[in-house]
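**Student:** Here it is, the structure in full.
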Amino acid sequence: KNTVDRFDLNELLQELPRKQKEVLWERLTLLLTESFRENHVETWQRIGDDKSDDHMEVEITPEIKQTVAVIQGVTAVVTASIPAVDENVNYKALLECVFILNGILPALPASEKILQDAIQRVCEMWWQKGLEGKEVLGKTLFIILLRKSLHKAAVGADTVRLWNLHQALLCFDYDSEESNEVKDLLLQCFMSVKHIKKEEGRRFLSFLFSWNINFIRMIHGTVKNQLQFFPRSLMEYIAEVYLRAWKKVSGEFIEVLEHNCIQDFMHHGIHLPRSSVHSKVREMLSYFHKQSRVRQGVEEMLYRLYQPILWRALKARNSEVRANAAFLFIDAFPLRDPSFNAEEMDNEIQKQFEELFSLLEDPHPVVRSTGILGVTQITSRYWEMIPSVIVADLLKKITWELTCDISSADVRCSVFKCLPIILDNKLSHPLLEQLLPVTKYSLRDNAEKVRVAFVDMLLKIKATKAAKFWNICPMEDILACLEVDSRPVSRRIVNLLFNSFFPVNQPEDVWCERCVTLIQMNPAAARKFYQYAYEYTAPTNIAKLMLTIRRCLNACIQKAKKESLCDSGEDDDDESEKENTSVLDNVLSVNDVAIMASLLEIIVILWRSIYKALDHNEEVKDYAIRKFASVLPEYFKVFKDERCMTPLVILASFMPIAAVPTFSCGVISRLRNIDSGADQSKYSTLIDCMCRWGQVGHIMELACDWLSDTLTPRKNVRTSGRRVRIRVTQESKPDLAIDYIEYLLTHPVNRDCLLSVPKKKLKKLLKILGASKGLLGSILKGTNADSGSWNQATSLRAFSLFCRLSIHLQHKSSGEGDCLSLLKETGAWIESQVVPFILSSDQEDGISKHSSVSELIIQAYLTVGKDVIMVGLGDLTFQAHVLDTALPIVQTERGGFCAPVLLCILKEIVEASLTQNTETDEMANLFDTVQNVLQKVLECVAHGLKKQQEKGIQWIHSIQMPLGEFIQALQCWHSSFPAVHQGVLSTLLAAAVADINCVLQMASSEKDVTIPKTISDLPPLSSSLMAIIMKSVNVVRSFLNELMECILSEKIEGIFSLTATVSIVMIIKGKHKAALLKDIAPAIRGKLVECNEATPEGSSSTERFLCESSLKILDEFLNP
């Protein structure tokens, strides 16, 4: 186009005379008709279809191009003509032209989008102008815009255009077939998030309720079906759609909307089980309740619709229905009809207050908790309007009774979670200040969540300044709770007390004073307070407090020195000491060991809490190190009490070794001088300190020297060419050396330090520990005559450490592939040197005398093997090796000693197998071995009971916990190992039946026979097995399935065995629901009847008695 050309089609058409406009429109119609006669639009669609099917470009003919150009031109002229139409112009020709364009609109291919939009614009302008024939054009355009708004690529403007044309829907006949497509599209709008979120979309959706009364039901059904897929954030929008529709419709429409939709939501809000859908329904109803306070008519409507269902639901037998109804009642409170007179209104409100009291006394805890929420919300919202007597009675009920609800911790917790709601209303503060002190004992509640909620309430009281929190709960109680309680409670208490004992807005000396005060009140609580203090203030303040405490300690030391000088007649008036003066000078003394130790402990706690922050601020860290390093030597001289030494050592470990040369040089001496058998606390901090300094090699050297000296006492002292050693003759302490190494290996940080030592030193340590095998072999053979060697206990501990260290070393150096070679070699040594002593335990003299040593060696090895499998280092080969090693042992008479650790190994194998391919032959063989080991363990225990009942009972007690854990793990993953699961249950069932069977057969006459009906009536083994099985209902269910399988396959047969199964069933009935036994009991009864019929007349009277008794028991169970 030429930009200079100012031709304006709209202006031209406005200026044309009426006759020329009519002629123009007639010729436009003729032009369109002739163009379509030569080139039908349907042929374009076919060309478009061919193009899409063949994925090839199809050449558009010149004729089509010319026709498109004609339509575009005509559409442009028509668009410009519509504003020029008025009642004086005959626009029939223009109408015909528009109808032709409307007719071709659905047939246009998608490629002609510009032309489609232009014709849609024509139809839209025609509708807005209200010209003749707008209904036909509006219907076509409505369907097009409706589809477009539902498209994935739709934008907000599409929804706005649809809303602007919403009246076109009334042109459709609801009952005609052409409306079916429209209905489907309209219902899809209720599934569209775009429509629901857009204001115009919600207007459109609410308008749809007025189309047809039957369509309301279809809309409501669609919305209900979609609730499960909608997010909760949309619920308020959907409720708004319903409420807008309710405001617009009238007559029969409003009746259907109220009773079929809104009241239906109320019904579901009461009767649906609590789920995501139920919470969404509640969200919608909550919107109605809020609107009742601001929109006219809503309050009356809610009162009328709730009337027939809510009050009845509050009295329902089902507790969940009562709880749901209670929530809606509380959210909608007060439910009333604005047309009531004063007396009717008072009666209605009084009735609802009585319902509140009923909720607080409901037998179900969930309803009581809901009642508590309701009372607190209602009293907080309507405090001034509710009579003071009713408010006081409601709050007394909550604070005096429900805080002590022994039947439910949830109810007690609800009290303290909901009371803060009332605290938001300042008018409630005087009454609550009187009532709340009664609740102070809740700080000692057994349930952690109640204590957490109670402290949260105290925090709210403090924030709202409703009362002094220490008047609600004494400070002594709060500190006692802080001392012993869990992290969630302790952190909140620290937050509560923080401003009292760490007033950051006051001078630092005051911080120290408050610290000392807290220590004097409760030292343990003080340590806990400062453990969490860093969470509520900046690291800078923590560092300042550390340095302030340091200054306070220095002042105490100076004061003690000055007093000492005065006592000796000397005088020292050095003014330089004034920097260490403190307001606590008259309170504290270095002789007060408890306070001094607590202050030192708090410095350590504070330093630990900001350790990472100090690493990021080297300047502050260096300053703190310099300050404390300068006084540490003096502290070590003055504070010599054992309780003070521990924090001082830890404090020294925070500093570089060069910063504390005096102390660092004496650490090894301290470790060397500790007595054998000393408690771990005597050496743990010293070892931790050396590890922090990277000096763990010195500890290793000391331990190696002690262990080597006792193995091969030194005959001479060699002096290294590089340095001079002054060796003081001291007693070697192999037990203490083992303690040190065990401590290093047990703690992860220290273990990493140990394993970072040069490989040569580690191998030396491993070699020394490996000497334990030779010593243990000598003990087994009775040839350990050398009194200088390690004793038996030391050798066993060294052997265990050897196994553990060998794994760590090989895993570090060669990865997982070969990390178990040394352990396997140790296993071979056990098989060749130790196991024979177990297998030949019947021999006399030397072997029997040392038999317990062999058991301890094997236990130590199996325990290490279990740990290896647990951490994922033991492959299938190793797992099989461990089981193969233990299998011959557990089959001996004394094999029960290794049963507990073997069962632990079985559990670890099951859990380790979850990541393995269970279809391989290797895995199948391992699972067979697992089942075989379990069987042999149970056989060993049963044999032990027969041989030595006391020892057998000890074995039963020892296997109870590991066997229970193994069965629980197997049950948890039974879908991954169905064959193993079934095999294990089959083994347990066989063991239990055989044990009961044996007792029944031992009876000599009918008088001696008693069918066990409780666990305590069973013999020891089956009693233990049944106790384990009945801990889990899932295990019981699987166990009964296996029992049914054995009954049907006749693996269990005979009077005695079937009677044993009756006993098992009755014992399960006593602990679990009878429904679990509805299938198994008739099956057992059928087999008993068969046995009774097949029993010959000459059979024993005991068998007949057992059969009759069992049938009688089952009949009583099946026909109560």
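The UniProt record's numbering applies: residue 1 is where the sequence shown begins, and numbers increase by one.
Beta carbons: idealized from backbone N, C-alpha and C, even for Gly.
Quick test of your reading: Val910 and Trp973, contact by CB under 8 angstroms. State the CB separation rounded to the nearest angstrom.
**Tutor:** Along the sequence shown, one-based indexing puts residue 910 at 910. Along the sequence shown, one-based indexing puts residue 973 at 973. 7 angstroms between Cβ atoms; contact.
**Student:** Return the chain-ordered ranges of every beta strand (DSSP E) run that is complete within the segment 595-636 and spans a minimum of 3 residues.
**Tutor:** Entirely contained in the segment 595-636, not one beta strand (DSSP E) run reaches 3 residues.
**Student:** Look up Asp54 in the DSSP assignment and say whether it is helix, strand or coil.
**Tutor:** The count along the sequence shown starts at 1 and reaches residue 54 at position 54. Note that Asp54 scores a pLDDT of 44, beneath 50, so its modelled location is shaky; the value from the coordinates is reported in the next line. If DSSP states are grouped into helix, strand and coil, Asp54 belongs with the helices.
**Student:** Are the beta-carbon atoms belonging to Cys97 and Thr29 less than 9 angstroms from one another?
**Tutor:** By 1-based counting over the sequence shown, the position of residue 97 is 97. By 1-based counting over the sequence shown, the position of residue 29 is 29. Taking 9 angstroms as the Cβ cut-off, Cys97 and Thr29 qualify as a contacting pair.
**Student:** Report, in whole angstroms, the separation of the C-beta atoms of Leu145 and Leu170, which I expect to be a contact under 8 angstroms.
**Tutor:** Here residue 145 refers to the residue found at position 145 of the sequence shown. Here residue 170 refers to the residue found at position 170 of the sequence shown. Contact flag wrong, Cβ pair sits at about 15 angstroms.
**Student:** Could you tell me the distance, in whole angstroms, from the CA atom of Leu985 to the CA atom of Glu908?
**Tutor:** Sequence index remark: in the sequence shown, residue 985 carries index 985 (1-based). Sequence index remark: in the sequence shown, residue 908 carries index 908 (1-based). Between Leu985 and Glu908, the C-alpha separation is close to 18 angstroms.
**Student:** Quick one: complete alpha helix (DSSP H) runs, 4+ long, within the segment 456-497?
**Tutor:** Runs found: 469-472 and 475-484.
**Student:** Name the two residues that bound the continuous alpha helix (DSSP H) containing Thr159.
**Tutor:** As a working mapping, residue 159 is identified with position 159 in the sequence shown. It spans Gly156 to Asn164 - the alpha helix (DSSP H) in which Thr159 sits, taken as one unbroken run.
**Student:** Excluding the five sequence neighbours on either side, which residues of its own chain have a C-beta within less than 6 angstroms of the C-beta of Lys936, listed in chain order?
**Tutor:** In the sequence shown, residue 936 corresponds to position 936, counting from 1. Taken in chain order, the residues that qualify are Val890 and Gln891.
**Student:** May I ask you to report which of helix, strand or coil DSSP gives Gly827?
**Tutor:** For the purposes of this step, residue 827 is taken as the residue at position 827 of the sequence shown. Helix, per DSSP.
**Student:** Using 10 angstroms around the beta-carbon of Asp739, count the other beta-carbons present and answer buried if the total reaches 16, otherwise exposed.
**Tutor:** Here residue 739 refers to the residue found at position 739 of the sequence shown. Classification of Asp739: buried, given that the 10 Å Cβ count is 16 or more.
**Student:** Report yes if the CB atom of Ile238 is closer than 9 angstroms to the CB atom of Met301, and no otherwise.
**Tutor:** The residue you call residue 238 lines up with position 238 of the sequence shown. The residue you call residue 301 lines up with position 301 of the sequence shown. No, the pair does not count as a contact, with Cβ atoms beyond the cut-off.
**Student:** Which whole-angstrom value describes the C-beta separation of Lys468 and Leu435, a residue pair presumed to lie in contact below a C-beta threshold of 8 angstroms?
**Tutor:** For the purposes of this step, residue 468 is identified with residue 468 of the sequence shown, where counting begins at 1. For the purposes of this step, residue 435 is identified with residue 435 of the sequence shown, where counting begins at 1. The Cβ separation is near 15 angstroms, so there is no contact.
**Student:** If you count every other CB in all the chains shown that lies within 10 Å of the CB of His220, and 16 or more means buried, which is it?
**Tutor:** Here residue 220 refers to the residue found at position 220 when the sequence shown is read from its first residue. Per the 10 Å Cβ criterion, buried.
**Student:** Out of Val241, Leu934 and Met870, state which residue places its alpha-carbon closest to the alpha-carbon of Asp884.
**Tutor:** Locating residue 884 in the sequence shown gives position 884, where the first residue counts as 1. It is Leu934.
**Student:** Exposed or buried, which one is Phe99 when buried takes at least 16 other CB atoms within 10 Å?
**Tutor:** Mapped onto the sequence shown, residue 99 falls at position 99. Label assigned to Phe99: exposed.
**Student:** Taking Cβ to Cβ, would you say Arg551 is nearer than 9 angstroms to Val593?
**Tutor:** Within the sequence shown, residue 551 is the residue found at index 551, counting from 1. Within the sequence shown, residue 593 is the residue found at index 593, counting from 1. Contact: no.
**Student:** Alpha carbon to alpha carbon, how far is Lys198 from Ala342?
**Tutor:** For this step, residue 198 is matched to residue 198 along the sequence shown. For this step, residue 342 is matched to residue 342 along the sequence shown. Cα to Cα, Lys198 sits roughly 43 angstroms from Ala342.
**Student:** Are Asp705 and Ser732 closer than 9 angstroms when you measure CB to CB?
**Tutor:** Here residue 705 corresponds to residue number 705 of the sequence shown, with the count starting at 1. Here residue 732 corresponds to residue number 732 of the sequence shown, with the count starting at 1. Yes, these two residues count as a Cβ contact at 9 angstroms.
**Student:** Is Phe333 helix, strand or coil when you go by DSSP?
**Tutor:** Sequence index remark: in the sequence shown, residue 333 carries index 333 (1-based). In this structure, Phe333 counts as coil in the three-state DSSP scheme.
**Student:** Closer than 9 angstroms, CB to CB, is Leu823 near chain D or not?
**Tutor:** Here chain D cannot be found, since the structure has a single protein chain.
**Student:** Are the CB atoms of Ile1084 and Leu1114 nearer to each other than 9 angstroms?
**Tutor:** Walking along the sequence shown from the start, residue 1084 turns up at place 1084. Walking along the sequence shown from the start, residue 1114 turns up at place 1114. In contact: Ile1084 and Leu1114 (Cβ atoms closer than 9 angstroms).
**Student:** Does Met385 pass the burial test, meaning 16 or more other C-beta atoms within 10 Å, or should it be called exposed?
**Tutor:** If you number the sequence shown from 1, residue 385 lands on position 385. Classification of Met385: exposed, given that the 10 Å Cβ count is below 16.
**Student:** Please classify Phe329 as buried or exposed, where buried requires at least 16 neighbouring CB atoms within 10 angstroms.
**Tutor:** Reading the sequence shown from its first residue, position 329 is the one you call residue 329. By the 10 Å Cβ count, Phe329 comes out buried.
**Student:** Pair every Cβ in the segment 1015-1022 with every Cβ in the segment 1072-1082, then say whether three or more of these pairs are closer than 8 angstroms.
**Tutor:** Output reads no: the segment 1072-1082 does not touch the segment 1015-1022.
**Student:** Rounded to the nearest angstrom, how far is the Cβ of Ala533 from that of Ile542, given a contact under 8 angstroms?
**Tutor:** For the purposes of this step, residue 533 is identified with residue 533 of the sequence shown, where counting begins at 1. For the purposes of this step, residue 542 is identified with residue 542 of the sequence shown, where counting begins at 1. Their Cβ separation, rounded to whole angstroms, is 7 angstroms, which keeps Ala533 and Ile542 in contact under 8 angstroms.
**Student:** Who are the Cβ neighbours of Phe977 in its own chain at under 8 angstroms, not counting the five residues just before and after it?
**Tutor:** Numbered from its first residue, the sequence shown carries residue 977 at position 977. Answer for Phe977: Val910, Ser913, Thr918, Phe927 and Leu970, listed in chain order.
**Student:** Do you know whose CA, among Leu1018, Ile674 and Ala979, lies nearest residue 1157's CA?
**Tutor:** The question about residue 1157 has no answer, for the chain in this structure spans 1 to 1120.
**Student:** Closest to Thr399 by C-alpha separation, out of Leu419, Arg244, Ile390 and Val389, would be which residue?
**Tutor:** Here residue 399 refers to the residue found at position 399 when the sequence shown is read from its first residue. The candidate whose alpha carbon is nearest that of Thr399 is Leu419.
**Student:** If distances are taken between C-alpha atoms only, which option among His811, Pro661, Pro647 and Ile1052 comes closest to Thr685?
**Tutor:** Residue numbering aside, residue 685 sits at position 685 when the sequence shown is read from its first letter. For the residues His811, Pro661, Pro647 and Ile1052, the minimum Cα distance to Thr685 belongs to Pro647.
**Student:** Pull up the distance between the alpha-carbon of residue 1190 and that of Ser500, whole angstroms please.
**Tutor:** A question about residue 1190 goes unanswered here, because the residues of the chain that appear run from 1 up to 1120.
**Student:** Take Tyr536 as the anchor and find which of Leu736, Lys417, Ala979 and Leu606 has the nearest alpha-carbon.
**Tutor:** Along the sequence shown, one-based indexing puts residue 536 at 536. With distances taken between Cα atoms, Tyr536 lies closest to Leu606.
**Student:** How many angstroms separate the CA atom of Ser756 from the CA atom of Phe502?
**Tutor:** As a working note, residue 756 is residue 756 in the sequence shown. As a working note, residue 502 is residue 502 in the sequence shown. One C-alpha to the other measures close to 42 angstroms.
**Student:** Write down the C-beta distance between Lys465 and Cys413 rounded to the nearest angstrom, noting that I regard them as a contact closer than 8 angstroms.
**Tutor:** As a working mapping, residue 465 is identified with position 465 in the sequence shown. As a working mapping, residue 413 is identified with position 413 in the sequence shown. With a Cβ gap of about 25 angstroms, Lys465 and Cys413 do not count as contacting.
**Student:** Are the beta-carbon atoms belonging to Ile213 and Val241 less than 9 angstroms from one another?
**Tutor:** Counting from one through the sequence shown, the residue named residue 213 turns up at place 213. Counting from one through the sequence shown, the residue named residue 241 turns up at place 241. Not a contact, by the Cβ cut-off of 9 angstroms.
**Student:** Between Met596, Phe799, Glu181 and Lys440, which lies nearest to Thr517 when the distance is taken from Cα to Cα?
**Tutor:** Mapped onto the sequence shown, residue 517 falls at position 517. Ranking Met596, Phe799, Glu181 and Lys440 by Cα distance to Thr517 puts Met596 first.
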